[in-house]
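Under numbering that gives the first Met the number 0, the residue at position 99 of the sequence shown is numbered 98, and the numbers go up by one with no gaps. Built from N, CA and C at the ideal position, the CB exists for glycine as well. All values reported here derive from a predicted model rather than from experimental measurement.
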Amino acid sequence: MHETGNPNSNIFSEIAYMKRNYSNGFVHAFIDGTHIINIANTNYLAWGAGYPANARFLQFEQVEVHSKKQFAKQAANAAYFTAKLLKQYHLKPNDAAYDGKGTVWSHHAVSQFLGGTDHTDPDGYYKTAGRRYFGQAYSMAQLYQLIKQDYGKLN
């Protein structure tokens, strides 16, 4: 899971930018509070998290949103999309943040356990948006709980 780090864009401008600059980084999908837009077949390699993560993971970018409602919906969209992909690939949810082993990885967890990158997204975005819109930081651990709930609902 990534976050674009660009507070001045929208999902369509981020997709257009990715298409123009795909040799510098490429992900499978983009998510905001309204859309989940898959731009590439998840059977193909993405390159947004460095070696060795690129060869191992499906990757999506979360575009910064600017309201309480949109942030809540974005979290729900990210959780649903992740749960759906886990089901599609016959994987069970397992948060890699604690031991570097699992099926759900943030860019930060990749930096911490696999290397090849030094990014910490989406942690800063979650923390800031959570405080701004809900009065307390949001976290990957909270998103992971949503992923598990959605995973349990999918049959």
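Query raised in the report: Shortest alpha-carbon distance to residue 145 belongs to which of 42, 114, 82 and 45?
Result: Your numbering for residue 145 matches position 146 in the sequence shown. Comparing Cα-Cα distances from residue 145 to each of 42, 114, 82 and 45, the minimum goes to 82.
Query - Option nearest residue 37 by Cα separation, candidates 110, 17 and 119 - result: In the sequence shown, residue 37 corresponds to position 38, counting from 1. Considering only alpha carbons, the answer is 17.
Requested in this report: Please look up how many angstroms separate the CB atoms of residue 28 and residue 113, rounded, as I've assumed it's under 8 Å.
Outcome: As a position in the sequence shown, residue 28 is number 29, starting the count at 1. As a position in the sequence shown, residue 113 is number 114, starting the count at 1. About 21 Å; that fails the 8 Å criterion.
Report task. Return helix, strand or coil for residue 70, following the three-state DSSP convention. Result -> Position 71 of the sequence shown, counted from the start, is the residue given in the question as residue 70. Three-state DSSP puts residue 70 in a helix.
Query raised in the report: For the alpha helix (DSSP H) that contains residue 10, what are its first and last residues?
Result: In the sequence shown, residue 10 corresponds to position 11, counting from 1. Here the alpha helix (DSSP H) through residue 10 covers 10 to 19.
Query raised in the report: If we ignore side chains and look at the alpha-carbon of each, how far apart do residue 128 and residue 138 end up?
Result: The sequence position of residue 128 within the sequence shown is 129, counting from 1. The sequence position of residue 138 within the sequence shown is 139, counting from 1. So the two alpha carbons sit approximately 10 Å from each other.
Query - Close Cβ partners of residue 85 (< 8 Å) along its chain, the five nearest in sequence each way excluded - result: Start at 1 with the first residue of the sequence shown, and residue 85 comes out as number 86. These residues qualify, in order along the chain: 91, 92, 102, 103, 146 and 150.
**Report entry** residue 142 versus residue 19: straight-line alpha-carbon distance, rounded
**Finding:** Numbered from its first residue, the sequence shown carries residue 142 at position 143. Numbered from its first residue, the sequence shown carries residue 19 at position 20. When rounded, the distance between both Cα atoms is 30 Å.
Query - Cβ pair residue 71, residue 115 closer than 9 Å - result: Numbered from 1 along the sequence shown, position 72 holds the residue referred to as residue 71. Numbered from 1 along the sequence shown, position 116 holds the residue referred to as residue 115. No, these two residues do not count as a Cβ contact at 9 Å.
Query - Per-residue DSSP class, three states only, for residue 64 - result: Counting from 1 along the sequence shown, the entry for residue 64 is found at position 65. In the structure shown, residue 64 sits in coil (DSSP, three-state: anything other than H, G, I, E or B).
Query raised in the report: Is it buried or exposed for residue 5, if we count other Cβ within 10 angstroms and need 16 for buried?
Result: What you label residue 5 is simply residue 6 of the sequence shown in a count that begins at 1. Of the other Cβ atoms in all chains shown, fewer than 16 fall within 10 Å of the Cβ of residue 5; this residue is therefore exposed.
Query raised in the report: So who's on the other strand from residue 117, going by DSSP bridges?
Result: The sequence position of residue 117 within the sequence shown is 118, counting from 1. In DSSP, residue 117 forms no bridge with anything.
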